[in-house]
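Participant: First, the structure itself, so that you have it in front of you.
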Amino acid sequence: MKNSNIPNEVLNKIIEVPKTIIEAPINLLKQLTPKRKKKTSSKIGLPPGSIVYLGEKKVDKVTIKVTEYDEAGAETYEIKSVEEIDPFTDTPQVTWVSVCGLHETEFLKQVGEKFKIHPLVLEDILNTDTRPKIEITDDYLFIVMKLMIFNPEQKILETEQVSFILGKGFLFSFSERTDEIFNPVRDRITSQLGKIRKRGGDYLLYALMDIVVDNYFLALEKTEERIELLDDEVINNPDQSQIQSIYNLRNLLLTIRKSFWPSREIVNQLIKDDSDLLDENIEPYLRDLYDHTIHINETVEQQREITNSLMEIYLSMMSNKMNEVMKVLTVIATIFIPLTFIVGIYGMNFKYMPELEWPWAYFAVWGIMIAVVVGMVVYFRRKNWF
Amino acid sequence: MKNSNIPNEVLNKIIEVPKTIIEAPINLLKQLTPKRKKKTSSKIGLPPGSIVYLGEKKVDKVTIKVTEYDEAGAETYEIKSVEEIDPFTDTPQVTWVSVCGLHETEFLKQVGEKFKIHPLVLEDILNTDTRPKIEITDDYLFIVMKLMIFNPEQKILETEQVSFILGKGFLFSFSERTDEIFNPVRDRITSQLGKIRKRGGDYLLYALMDIVVDNYFLALEKTEERIELLDDEVINNPDQSQIQSIYNLRNLLLTIRKSFWPSREIVNQLIKDDSDLLDENIEPYLRDLYDHTIHINETVEQQREITNSLMEIYLSMMSNKMNEVMKVLTVIATIFIPLTFIVGIYGMNFKYMPELEWPWAYFAVWGIMIAVVVGMVVYFRRKNWF
Amino acid sequence: MKNSNIPNEVLNKIIEVPKTIIEAPINLLKQLTPKRKKKTSSKIGLPPGSIVYLGEKKVDKVTIKVTEYDEAGAETYEIKSVEEIDPFTDTPQVTWVSVCGLHETEFLKQVGEKFKIHPLVLEDILNTDTRPKIEITDDYLFIVMKLMIFNPEQKILETEQVSFILGKGFLFSFSERTDEIFNPVRDRITSQLGKIRKRGGDYLLYALMDIVVDNYFLALEKTEERIELLDDEVINNPDQSQIQSIYNLRNLLLTIRKSFWPSREIVNQLIKDDSDLLDENIEPYLRDLYDHTIHINETVEQQREITNSLMEIYLSMMSNKMNEVMKVLTVIATIFIPLTFIVGIYGMNFKYMPELEWPWAYFAVWGIMIAVVVGMVVYFRRKNWF
Amino acid sequence: MKNSNIPNEVLNKIIEVPKTIIEAPINLLKQLTPKRKKKTSSKIGLPPGSIVYLGEKKVDKVTIKVTEYDEAGAETYEIKSVEEIDPFTDTPQVTWVSVCGLHETEFLKQVGEKFKIHPLVLEDILNTDTRPKIEITDDYLFIVMKLMIFNPEQKILETEQVSFILGKGFLFSFSERTDEIFNPVRDRITSQLGKIRKRGGDYLLYALMDIVVDNYFLALEKTEERIELLDDEVINNPDQSQIQSIYNLRNLLLTIRKSFWPSREIVNQLIKDDSDLLDENIEPYLRDLYDHTIHINETVEQQREITNSLMEIYLSMMSNKMNEVMKVLTVIATIFIPLTFIVGIYGMNFKYMPELEWPWAYFAVWGIMIAVVVGMVVYFRRKNWF
Amino acid sequence: MKNSNIPNEVLNKIIEVPKTIIEAPINLLKQLTPKRKKKTSSKIGLPPGSIVYLGEKKVDKVTIKVTEYDEAGAETYEIKSVEEIDPFTDTPQVTWVSVCGLHETEFLKQVGEKFKIHPLVLEDILNTDTRPKIEITDDYLFIVMKLMIFNPEQKILETEQVSFILGKGFLFSFSERTDEIFNPVRDRITSQLGKIRKRGGDYLLYALMDIVVDNYFLALEKTEERIELLDDEVINNPDQSQIQSIYNLRNLLLTIRKSFWPSREIVNQLIKDDSDLLDENIEPYLRDLYDHTIHINETVEQQREITNSLMEIYLSMMSNKMNEVMKVLTVIATIFIPLTFIVGIYGMNFKYMPELEWPWAYFAVWGIMIAVVVGMVVYFRRKNWF
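Now the structure itself:
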């Protein structure tokens with residue numbers, strides 16, 4: 004807890020890094036506002052199922068990667084239009100179509116027609132302010148989740164929406180910008196690591212959702228680091244700027260909670276669902292994922308409670324600091340006020356003041372004054388006042 | 004977060020706009036009081052189902068617009084009495100009767116008799132303080148919702164009650180003042196945009212409820228803007244007037260929550276209901292609406308939590324500001340008190356004070372005093388006290 | 004919100020009225036204590052079902068009013084003993100026996116024997132500290148509710164217990180003091196207003212419960228008025244006496260909540276019950292009543308939250324007020340301390356002080372002092388310190 | 004509310020009495036600690052069902068009273084060993100064995116063997132830190148409750164554990180010290196008061212549980228008295244010692260809640276249970292008891308909320324009190340500082356100070372100073388600063 | 004409560020001991036961070052079921068103890084590899100394999116293959132950050148719990164993960180470091196104490212879980228001791244360092260709650276489960292355990308509430324302490340300021356000041372000043388200001 008032996012420069016450097024993380028919630032809130040504004044301004048009264056992209060254009064070019072695999076082998080292509088998917092979907096292989104970038108709505112419309120996806124589903128994919136949800140129909144499963152990824156360059160936590168459509172033999176994943184975080188799964192497919200090639204699209208869906216969930220553990224590590232640093236700072240060196248950090252941290256935790264909270268119910272619905280799309284032996288994996296979602300929710304709540312404690316401690320430390328200043332200053336004033344009174348006495352101009360004539364009076368006054376000071380200091384010390 | 008480089012005039016103008024919004028909750032509360040007073044004063048002991056209008060008379064003239072449509076075509080008339088609806092209701096077309104203004108209770112009584120609506124339903128339509136609710140009978144669905152619309156002229160958020168009665172082939176909508184916000188739906192009907200003409204009255208009900216719900220997103224954007232502005236103000240320039248803004252914002256959010264909260268249950272009941280009035284393929288739309296209601300409720304709760312944080316920060320900032328004033332002032336006082344003591348010493352009139360005779364004594368005293376000041380300033384600075 | 008242009012005398016008069024309302028909770032609490040004390044002191048160990056009156060004797064004479072009616076006609080008598088009810092109960096008419104005053108337990112014992120009421124029910128009627136409840140047996144329905152009525156003379160809110168026993172063809176209502184508040188129903192019966200004469204005892208029970216529930220709306224109006232007045236006072240003229248008003252308001256709301264909360268469950272049980280005593284077409288009325296109970300509970304919670312906000316604002320306003328005092332006073336002190344130092348310098352008695360000899364020195368010192376004052380005032384003003 | 008006209012000595016005497024009650028929670032907590040310590044220290048790893056007494060030895064001698072009764076008659080004996088119970092249990096009469104004092108575990112072992120009680124039940128009876136619970140087996144009902152009794156000598160609230168085992172024709176009750184509080188029931192049995200002699204062991208169990216529950220009403224009266232006294236004290240004479248009383252009251256209410264909370268579920272389980280041990284017509288009594296448990300829980304919560312309000316008011320009153328002191332003192336200082344400056348001016352030793360020569364100057368200075376004082380007092384008064 | 008008669012040295016010694024306990028939560032948090040970091044860094048994207056140890060290596064050597072017993076006898080061996088278990092598992096005896104230390108994953112892999120344990124189960128055993136959970140399959144029960152043990156050397160509370168796999172005839176227990184806390188059970192097996200040798204593996208599982216649960220009682224005793232000490236300290240000697248202790252205590256209680264909370268659900272699932280692995284007559288034991296888990300959860304909540312109260316009292320005491328300092332110092336200043344003014348008057352150099360000539364004036368001034376001091380002291384005393 005005590006970092007007093009760490010030089011301040013080092014400490015500051017450590018603290019510097021995550022400070023930028025903490026700027027995140029405000030950026031996030033700022034980004035959210037225009038999005039929602041667009042929605043309400045442009046969409047109120049529009050027919051439902053209108054396929055209009057409502058997010059920010061985050062990448063220049065939409066990329067569509069197709070990974071097709073079965074136990075025998077795996078291939079990864081990049082395609083341009085939905086016609087190119089055609090051959091894959093009829094094969095018994097698993098076809099994973101990963102769409103990065105959502106502003107070219109034409110492709111999505113074609114997917115909707117070809118795979119008979121409900122227009123409201125397509126609307127939800129494009130509206131990046133959709134609440135995380137699951138829709139189960141006879142033909143496909145539709146899942147929306149929020150990804151919380153740490154941007155190592157800008158050192159902020161960014162939310163992004165990912166959606167999955169799982170059908171017979173195919174899985175679509177939609178990312179706002181890039182599907183880089185899914186690369187480990189693609190690598191496992193190509194390098195035949197683990198059982199992924201032996202399993203169907205449901206296992207692939209699980210693997211991708213697992214990555215989304217695991218990224219929250221990373222985000223919570225970042226917030227926990229920040230809590231510990233703030234903790235140290237607040238206790239050892241309380242300062243007016245920390246209140247804003249605590250406020251930002253609180254709002255960040257609120258954002259994380261809001262983004263993640265529905266995930267628990269999504270996974271729970273997957274477990275309870277007995278659709279043909281999900282194999283029986285996927286259940287242990289989903290239950291494991293479910294435990295992770297509970298774990299994350301509990302950790303968020305715990306961090307929120309710690310942050311609230313931190314707020315109270317901050318307020319108490321600030322008031323202690325102020326009190327200390329006031330106390331010392333008041334003590335000084337208090338000591339000199341009686342002294343000033345004493346010297347004032349002998350500044351009076353009465354004709355008959357016997358002391359004025361005594362040769363040793365001046366020195367006696369000095370003696371009295373020193374005695375008064377010593378007495379007061381001893382008294383204050385004994386009362387522990389400074 | 005930092006707006007310090009924005010000139011104050013610009014900032015004030017930005018802030019000025021929503022300030023009036025924030026006056027809203029008090030106006031709202033003021034309006035609510037007389038209404039409820041009327042209710043209790045005039046209605047306690049009256050037989051239930053008494054058809055008496057209990058709201059404020061908000062428009063001069065009651066307007067009744069009828070929109071009749073099927074796949075083939077659509078027509079919009081304005082009518083005066085319930086007899087004129089007669090021909091429409093027997094046709095296979097969908098007949099949407101939109102009543103704006105509620106103080107002419109005669110029309111409603113006729114509707115009640117003709118369409119066999121329960122007197123309590125009519126009472127609920129007229130009592131503009133009804134809690135949002137849904138009543139499902141064999142013959143009709145009755146829904147009361149609160150509309151929260153932003154009045155761009157007065158720049159306040161106003162609540163208004165809207166009610167819907169959905170029967171076979173007809174839909175009644177009741178507004179307190181105007182049904183302007185439903186115009187986009189009427190336009191979609193006349194211009195054949197989207198699928199609305201191919202669907203029945205249930206889809207029309209959904210479309211109208213969707214508009215009511217979407218207006219809450221707009222209201223929450225207004226409150227969110229206000230939170231962000233207050234946030235900036237509180238952190239950069241804390242000031243006594245902000246407490247009232249925060250208090251008003253809190254009450255506004257309480258009002259929004261109370262107005263909207265039951266909507267979730269209303270939509271949920273619609274989804275669970277298997278009455279003939281609702282077609283099967285309306286369900287995905289209702290589930291989408293349900294997700295929106297959850298989203299709004301969560302956002303309200305999040306904004307309430309942020310507002311509470313804001314309150315704590317405000318209090319902390321105000322106390323910091325006060326402490327700073329006190330500190331600087333006390334430091335000044337503390338520096339001069341010892342100096343005053345020193346000059347007091349040499350104001351004493353003792354006969355034997357050797358220093359008084361020394362030619363350089365006066366300058367020495369000045370030297371001592373400057374040394375004391377410098378010493379204290381250095382000490383205070385090192386202790387970070389000012 | 005701003006009442007600054009209303010003269011203080013008017014404002015005070017407005018405020019004066021409800022101030023006495025607010026004294027209510029303490030009176031109420033004081034009344035409750037002896038009651039409960041009686042219960043525990045006198046009843047611990049007594050056999051259950053002991054018919055002992057445990058409330059305060061609130062009226063001198065017990066009054067028993069009988070109203071007998073059917074579609075054809077209605078009669079109201081006053082009776083003395085249970086034998087006189089005898090003839091009525093066998094008729095197909097509805098017989099409403101309203102007992103006002105509970106301290107003559109003999110009558111109740113006879114009722115219990117004649118109508119086979121469980122002794123615990125009779126005990127609950129007499130114990131005016133019973134929690135609101137519903138008991139459903141094959142032969143009768145028993146309901147206890149708390150009435151919250153505004154006493155216009157003493158200007159306080161009073162709680163009173165009312166109980167109902169609904170059997171085949173008869174309804175007993177028990178009030179502590181008077182059944183005046185039920186007069187509108189009696190009037191509707193005699194004047195044949197509404198459908199009440201066409202309906203059975205279940206509708207009568209609904210009508211009476213509706214009045215009990217509606218009185219809570221009135222009580223909440225009183226508390227809301229009080230909140231608004233306190234709101235104005237706290238923001239415009241914070242003062243030490245308000246804390247007690249807020250505390251009393253809080254406790255009053257707690258009392259209202261405790262008295263009303265179980266009503267929701269009571270009405271819900273009535274709706275779910277399929278006993279012969281309740282006709283089928285009473286259900287819409289009960290559901291309407293149920294909505295009212297939810298509305299009242301929500302309003303109580305909302306008012307409690309507003310009261311909590313008010314508390315925080317009060318604390319903040321008081322601290323602002325104190326800070327302002329301290330600030331101005333400290334500024335005055337701070338300005339004069341350096342001046343006192345300056346005049347102290349030239350009060351020193353050194354032999355060699357060149358300034359003392361300069362003819363214009365005195366006026367120069369005045370000049371310096373004025374410059375210091377102006378400088379400090381400008382600095383403080385610029386820093387917005389006063 | 005206002006007790007200002009009651010002389011302080013009287014008030015202090017009233018307050019003195021319950022002050023000792025309030026010391027209770029700490030005593031209670033102190034007692035709980037060693038008990039639990041014993042448990043964990045001595046029992047971790049011991050086989051479950053080990054019959055070891057884990058409470059404090061509160062009485063010297065274990066007393067076992069047997070009351071045997073049926074409609075015809077009733078007898079009360081005192082016995083020494085379990086063999087003496089033998090004859091009773093085979094009779095159709097109800098046999099109530101009341102064991103006071105638990106440290107002689109031998110008797111309990113014999114009971115366990117003879118009546119086939121599960122060892123874990125015996126362990127729970129002896130472990131006086133057991134959470135209130137109910138165990139229902141085919142042969143017996145086992146209930147543990149916490150008794151909260153007011154010790155009139157030490158004026159504290161004490162918790163004690165009571166357990167009941169109800170079997171066919173017998174009821175065991177176990178108290179830690181004495182079963183005095185059950186004497187009214189024993190008296191009703193011997194004096195044939197009420198229906199108790201006509202009913203079975205289930206009614207006896209109900210009668211004893213009713214006494215346990217009713218004692219909580221008494222305890223809550225004591226805490227309510229204390230709240231009212233504290234309320235008066237805090238508002239009329241806030242003082243540093245009250246914080247500890249509020250803290251103790253809070254902890255006492257926490258202890259009451261923890262002791263009582265499970266009782267609701269216990270009674271609910273009894274109502275839902277359809278074992279042969281409970282007669283059908285006991286249900287109305289149990290439901291009545293259930294209502295009491297809800298009432299107590301609600302009252303505890305209400306008192307906890309009032310206590311929290313009290314805390315806030317205490318803090319506000321203390322800060323008001325401090326502010327008043329500071330204000331008056333600061334005003335005095337502020338008035339004299341300018342005066343001291345004025346007299347300092349004319350203490351300067353300049354050669355050329357025209358005023359010094361004017362004969363009426365001294366009196367003019369006095370005039371100025373009086374004017375300054377009057378001006379400041381008027382200003383401060385007008386600003387309501389003191 | 005009052006320890007004022009205990010010498011400070013003794014008190015400090017008592018307090019000293021648990022102070023180190025309280026350092027625990029921070030150490031714990033520090034340990035948790037790197038673990039989770041490892042997980043996310045090294046495992047995101049790895050195939051699920053990867054058998055990698057993710058905890059800290061807490062012991063040098065993995066120890067595997069086998070205890071095999073039936074009613075006839077019991078044996079304890081230490082083994083090196085899974086082959087050595089082979090013979091035991093086929094016997095009708097109960098075989099308890101206790102693995103201490105988890106970093107040799109090879110053994111676990113063999114166990115997984117031999118006993119057909121799902122890879123995710125093995126992964127959970129090795130990941131020491133798993134949330135407590137239960138997995139029930141047809142072949143085995145898998146339970147993860149958090150052990151909270153008091154380390155008497157370092158005087159801190161340490162969390163450790165223990166897992167159990169119960170199959171037909173065998174029970175695996177996995178500890179991170181040592182299974183010392185299970186020694187009492189092993190002793191009961193070897194020394195044939197209690198019924199453990201007569202029961203199956205389910206009873207052994209219960210016995211081990213009981214020890215895990217009982218250790219929480221111990222932990223809560225430690226926190227309760229700490230609360231009582233802090234309580235004394237805060238009330239008798241409030242001091243800036245206590246805020247950190249309260250903060251640490253809060254976080255420790257949060258950690259305990261998070262570690263223990265799922266245990267309740269785990270035991271509940273065991274009770275509801277009707278698998279062959281659990282004998283019928285184990286149920287009373289499990290229900291007893293269930294009651295303990297509720298008891299612990301309630302105690303944690305109660306301690307958390309007391310800790311929150313403690314925080315408020317701390318803040319109030321600190322502010323009282325500060326206020327007292329300020330008050331006395333301000334009183335001193337206030338007394339001397341008027342005196343300084345008086346002596347200032349007679350330091351003026353006016354030519355015509357009649358008092359200066361009066362021979363007794365100097366002594367009169369002294370008299371006036373003494374009168375002023377006495378008057379102010381009396382006034383302040385009467386107002387109770389110091």
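Chains as they are written, first to last, in my numbering: chain A, 4 to 389; chain B, 4 to 389; chain C, 4 to 389; chain D, 4 to 389; chain E, 4 to 389.
Quick reminder that beta carbons are idealized off the backbone N, C-alpha and C, glycines included.
1) Is there a Cβ from chain E that is less than 8 Å from the Cβ of A/Asp294?
2) I'd like the list of long-range same chain contacts for A/Ile338, defined as Cβ closer than 7 Å, with 5 residues on each side in sequence excluded.
3) Measuring straight from C-alpha to C-alpha, what distance separates D/Gly56 and D/Phe175?
4) For the segment 89-177 of chain C, list the beta strand (DSSP E) runs that are entirely contained and at least 3 residues long, ordered along the chain.
5) Using a C-beta to C-beta distance shorter than 7 Å, which residues of chain E count as neighbours of A/Leu174?
6) Relative to the alpha-carbon of D/Pro265, which residue among D/Ile238, D/Ser248, D/Ile299 has its alpha-carbon at the smallest distance?
7) So what's E/Tyr349 in DSSP terms, helix, strand or just coil?
8) Relative to the ligand SAM, is the shortest distance from any of its heavy atoms to the C-beta of E/Glu126 smaller than 7 Å?
9) Rounded to the nearest angstrom, what separates B/Arg134 and C/Val188 at their Cα positions?
10) Checking the sheet assignment: what are the DSSP bridge partners for A/Ala77?
11) Measuring straight from C-alpha to C-alpha, what distance separates A/Ser262 and A/Asp291?
12) C/Asn154 and C/Ile184: beta carbons closer than 8 Å?
13) With a threshold of 6 Å on Cβ separation, who are the neighbours of B/Lys390 within its own chain once the five nearest residues in sequence on each side are excluded?
14) Can you list the residues of chain D that E/Asn326 reaches, using a CB-CB cut of under 7 Å?
15) Measure from the alpha carbon of D/Phe220 to the alpha carbon of each residue in D/Asp234, D/Glu301, D/Leu125, then state which is nearest.
16) By DSSP, does C/Ile82 sit in helix, in strand, or in coil?
17) Exposed or buried, D/Ser312, counting other C-beta atoms within 10 Å across all chains shown (16 or more means buried)?
Facilitator: So, to answer that:
1) At least one C-beta of chain E is nearer than 8 Å to the C-beta of A/Asp294.
2) Residues of the same chain with a CB within less than 7 Å of the CB of A/Ile338, apart from the 5 flanking positions on each side, are Val376, Met379 in chain order.
3) The question names Gly, but residue 56 of chain D is Tyr in the sequence shown. Between D/Tyr56 and D/Phe175, the C-alpha separation is close to 18 Å.
4) 97-103, 136-139, 144-154, 159-170
5) What A/Leu174 touches in chain E: nothing, since even the nearest Cβ is about 17 Å away.
6) D/Ile299
7) coil
8) Among the ligands in the structure shown, none appear at all, so the ligand SAM cannot be discussed.
9) 25 Å
10) A/Tyr72
11) 20 Å
12) Contact flag unset, no.
13) In the structure displayed, chain B extends from 4 to 389; residue 390 of chain B sits before or after that span and is not available.
14) Met325
15) Of the listed residues, the one whose Cα sits closest to D/Phe220 is D/Glu301.
16) strand
17) Buried, by the Cβ-count rule.
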